[in-house]
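K.L.:
For the record, the sequence lines run as chains X and D.
Note that this note's numbering has the first sequence beginning at 7, numbered continuously upward.
Note that this note's numbering has the second sequence beginning at 7, numbered continuously upward.
We put the CB at the ideal spot given by N, CA and C, even for glycine.
2 protein chains.
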Amino acid sequence: MVRLEGVTKVYRTDSVETHALRGIDLVIHAGEFTAIAGPSGSGKTTLLNIIGGLDTPTSGRVIVAGRDLTQMSPSELADFRLHTLGFVFQSYNLIEVLSAYENTEFVLLLQGVPKEERRRRAMAILEEVGLAGFANRRPTQLSGGQQQRVAVARAIVAQPQLVLADEPTANLDSETATRLMKLMLELNRTYGVTFLFSTHDPLVMRMARRLIELRDGKVVSDRTVESS
Amino acid sequence: MVRLEGVTKVYRTDSVETHALRGIDLVIHAGEFTAIAGPSGSGKTTLLNIIGGLDTPTSGRVIVAGRDLTQMSPSELADFRLHTLGFVFQSYNLIEVLSAYENTEFVLLLQGVPKEERRRRAMAILEEVGLAGFANRRPTQLSGGQQQRVAVARAIVAQPQLVLADEPTANLDSETATRLMKLMLELNRTYGVTFLFSTHDPLVMRMARRLIELRDGKVVSDRTVESS
Ligand SMILES: Nc1ncnc2c1ncn2[C@@H]1O[C@H](COP(=O)(O)OP(=O)(O)OP(=O)(O)O)[C@@H](O)[C@H]1O
Ligand SMILES: Nc1ncnc2c1ncn2[C@@H]1O[C@H](COP(=O)(O)OP(=O)(O)OP(=O)(O)O)[C@@H](O)[C@H]1O
Ligand SMILES: [Mg+2]
Ligand SMILES: [Mg+2]
Chain X
7 MVRLEGVTKV YRTDSVETHA LRGIDLVIHA GEFTAIAGPS GSGKTTLLNI IGGLDTPTSG
67 RVIVAGRDLT QMSPSELADF RLHTLGFVFQ SYNLIEVLSA YENTEFVLLL QGVPKEERRR
127 RAMAILEEVG LAGFANRRPT QLSGGQQQRV AVARAIVAQP QLVLADEPTA NLDSETATRL
187 MKLMLELNRT YGVTFLFSTH DPLVMRMARR LIELRDGKVV SDRTVESS
Chain D
7 MVRLEGVTKV YRTDSVETHA LRGIDLVIHA GEFTAIAGPS GSGKTTLLNI IGGLDTPTSG
67 RVIVAGRDLT QMSPSELADF RLHTLGFVFQ SYNLIEVLSA YENTEFVLLL QGVPKEERRR
127 RAMAILEEVG LAGFANRRPT QLSGGQQQRV AVARAIVAQP QLVLADEPTA NLDSETATRL
187 MKLMLELNRT YGVTFLFSTH DPLVMRMARR LIELRDGKVV SDRTVESS
């Protein structure tokens with residue numbers, strides 16, 4: 007599903023270079039449920055953004071669902087994201103002028119899904135993340151953790167092939183986080199949605215079936231764990 | 007240091023009322039180091055914002071450092087915040103056009119602290135949170151956890167009487183979070199800075215000396231814990 011070959015990312019600020027990714031070689035197979043852990047600044051967001059075609063590597067190749075992202079035009083990348091990916095941003099990136107419901111149904115709208123089906127699916131997923139009663143709220147009328155869950159609902163409502171989630175439980179209490187993870191595990195097991203998420207949360211790490219550790223832009227460990 | 011008497015907060019959206027706080031009576035003494043835990047949507051941010059004079063209660067009284075916030079004008083509140091409080095927002099609220107250094111020194115600038123002292127103190131606190139090498143970065147050039155630490159540096163650089171921190175470790179790995187908490191404990195023990203912070207992080211809860219639990223806008227438990 008995802009193959010990275012020799013991916014580097016160098017940011018240049020004020021003549022200072024930051025090597026956010028230092029030669030990542032990585033394969034994520036379809037159907038995996040994988041967590042990426044690592045200290046603050048270790049490259050997790052950078053890696054997810056590159057896999058999601060939201061950023062470009064300094065060098066290397068990024069193949070997702072059979073396509074080399076480094077060879078795609080901006081409009082091809084946008085089309086690829088719309089039809090293949092769900093993304094949960096670390097800062098949520100909800101559209102402030104849209105309600106929780108409208109944020110959630112937005113991807114389905116862009117995909118041309120008919121209104122009634124959009125409504126059914128968006129409301130079902132908001133119910134699953136515990137927010138059915140908040141559907142008409144704008145992001146500024148929601149708590150931090152509620153916004154985070156809308157971001158997750160939006161990312162998974164269209165059951166994309168691959169979901170990239172950047173710290174999807176950071177602002178959630180354990181019970182709400184567990185509920186969310188179980189929802190994602192169900193999508194993985196029932197529909198084969200591949201999940202790759204960054205996290206600091208030990209609860210999330212425990213529920214993953216594979217744990218990759220980053221440190222200073224490098225993969226320092228990659229192990230499969232058996233979970234129940 | 008902080009006294010809340012019968013504080014309620016009701017948000018009205020689309021004819022729907024949300025009772026974010028349902029009659030909070032609470033005393034925080036000077037020098038305490040207190041965590042507030044509770045599920046997503048339980049009222050933590052609302053409570054901190056009211057104590058910090060950033061929001062007004064629907065009813066009740068809020069007395070901080072001897073002043074009733076509900077009786078203060080906006081300019082009195084702004085002056086109170088500048089000279090008494092440090093605040094770490096859940097979404098950081100860094101000033102995007104300022105560097106990490108400029109964000110950090112900003113409060114000292116407003117307080118009229120001379121340039122050399124501002125520089126010394128801002129760089130010292132950035133060093134303490136592990137970000138001395140990132141001082142010239144703008145927020146968009148920092149990782150999520152790095153931005154969070156700038157937000158904390160900014161809140162504590164002026165050693166305010168009271169620091170209110172809304173989930174200050176949500177985007178940090180355990181090691182970085184522990185380092186941050188130890189820094190805050192040192193300020194508490196050495197300078198008597200009062201800390202009140204909301205959190206979902208068990209690590210943070212363990213380091214607090216008092217743990218208040220909120221549920222559906224009410225305090226459901228309030229216990230002092232002895233820590234080493
Ligand atoms: N501006 C607003 N308008 C309407 N409702 C609001 C507003 N702000 C917060 N609320 C609601 O008030 C309740 C408490 O919100 P608050 O942000 O205090 O929760 P919280 O405990 O900080 O949650 P989290 O852990 O998710 O950050 C929530 O149900 C939320 O939806
Ligand atoms: N736009 C940018 N310009 C310059 N440097 C950047 C930029 N974005 C990220 N960096 C730097 O690249 C490194 C990796 O950043 P990244 O956001 O990938 O880390 P992270 O592992 O997600 O951290 P966190 O856990 O704090 O979110 C960091 O040192 C960061 O400061
Ligand atoms: Mg990140
Ligand atoms: Mg909150």
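So, with DSSP's three-state summary, where would you put Glu38 of chain D?
P.N.:
coil
K.L.:
Are the beta-carbon atoms of Thr182 of chain X and Gly151 of chain X separated by less than 9 Å?
P.N.:
yes
K.L.:
How about Tyr17 of chain X: is its Cβ closer than 8 Å to a heavy atom in ligand 2?
P.N.:
yes
K.L.:
For Thr200 of chain D, tell me which candidate among D:Leu209, D:Leu53 and D:Arg216 has the shortest Cα-Cα distance.
P.N.:
D:Arg216
K.L.:
From the beta carbon of Glu133 of chain D, is the nearest beta carbon of chain X less than 9 Å away?
P.N.:
no
K.L.:
Do Ala176 of chain D and Ala176 of chain X have their CB atoms nearer than 9 Å?
P.N.:
yes
K.L.:
With respect to 8 Å, is the separation between the Cβ of Ala26 of chain X and the closest non-hydrogen atom of ligand 2 below this value?
P.N.:
Answer for Ala26 of chain X: yes, Cβ within range of ligand 2.
K.L.:
What does Tyr17 of chain X reach in chain D if we use C-beta pairs closer than 8 Å?
P.N.:
Gln147
K.L.:
For chain D, check one thing: does any of its Cβ atoms lie closer than 9 Å to the Cβ of Glu23 of chain X?
P.N.:
no
K.L.:
May I ask you to verify whether the region 29 to 36 of chain D touches the region 214 to 229 of chain X, counting CB pairs closer than 8 Å and requiring at least 3?
P.N.:
Short answer: they don't touch.
K.L.:
Would DSSP call His89 of chain D helix, strand or coil?
P.N.:
DSSP places His89 of chain D within a helical segment (H, G or I) once states are collapsed to three.
K.L.:
Tell me the DSSP bridge mates of Ala43 of chain D?
P.N.:
D:Thr205 and D:Glu219
K.L.:
How should Pro174 of chain D be labelled, buried or exposed, when 16 other C-beta atoms within 10 angstroms of its C-beta is the threshold for buried?
P.N.:
Under this definition Pro174 of chain D is a buried residue.
K.L.:
Nearest to Gln117 of chain X by alpha carbon, out of X:Leu132, X:Met129 and X:Ala84?
P.N.:
Residue X:Ala84 is the option with its Cα nearest to Gln117 of chain X.
K.L.:
Counting only beta-carbon atoms, is Arg174 of chain X nearer than 9 Å to chain D?
P.N.:
Correcting the residue type first, residue 174 of chain X is Pro in the shown sequence and not Arg. So, not an interface residue.
K.L.:
How about Ser227 of chain D: is its C-beta nearer than 9 Å to some C-beta of chain X?
P.N.:
By this cut-off, Ser227 of chain D is not an interface position.
K.L.:
Can you tell me whether Lys15 of chain X is buried or exposed, with buried defined as 16 or more other CB within 10 angstroms of its CB?
P.N.:
buried
K.L.:
Would you decide whether Ser234 of chain D is buried or exposed? Buried here means 16 or more other CB atoms lie within 10 Å of its CB.
P.N.:
Because Ser234 of chain D carries a pLDDT of 49, less than 50, the predicted location of this residue cannot be relied on, and the following value inherits that uncertainty. Classification of Ser234 of chain D: exposed, given that the 10 Å Cβ count is below 16.
K.L.:
With DSSP as the reference, label Ser234 of chain D as helix, strand or coil.
P.N.:
For Ser234 of chain D, the predicted model reports a pLDDT of 49, less than 50, meaning its position is unreliable; a value from the coordinates is still stated below. Secondary structure of Ser234 of chain D (DSSP, three-state): coil.
K.L.:
For His35 of chain X, go through chain D and note every residue whose CB falls closer than 9 Å to its CB, in chain order.
P.N.:
Result: empty, since nearest Cβ-Cβ is about 26 Å, beyond 9 Å.
K.L.:
Given the structure, does Asp172 of chain D come close to ligand 1, in the sense that its CB is under 8 Å from one of the ligand's heavy atoms?
P.N.:
Under cutoff, so the answer is yes.
K.L.:
With a cut-off of 9 Å, does the C-beta of Ser234 of chain X fall near any C-beta of chain D?
P.N.:
Confidence is the limiting factor: at Ser234 of chain X the pLDDT is only 49, short of 50, which leaves the residue's position unreliable, though a coordinate-based value still follows. Closer than 9 Å: no.
K.L.:
Going by the beta-carbon positions, is the gap between Ser204 of chain X and Ile42 of chain X smaller than 9 Å?
P.N.:
yes
K.L.:
Along chain X, which residues have their Cβ under 7 Å away from the Cβ of Asp20 of chain D?
P.N.:
Asn142
K.L.:
Using 8 Å for Cβ pairs, my map puts Ala71 of chain X next to Thr51 of chain X. What's the rounded Cβ distance?
P.N.:
Actually they are not in contact, since the Cβ atoms of Ala71 of chain X and Thr51 of chain X sit about 21 Å apart, beyond 8 Å.
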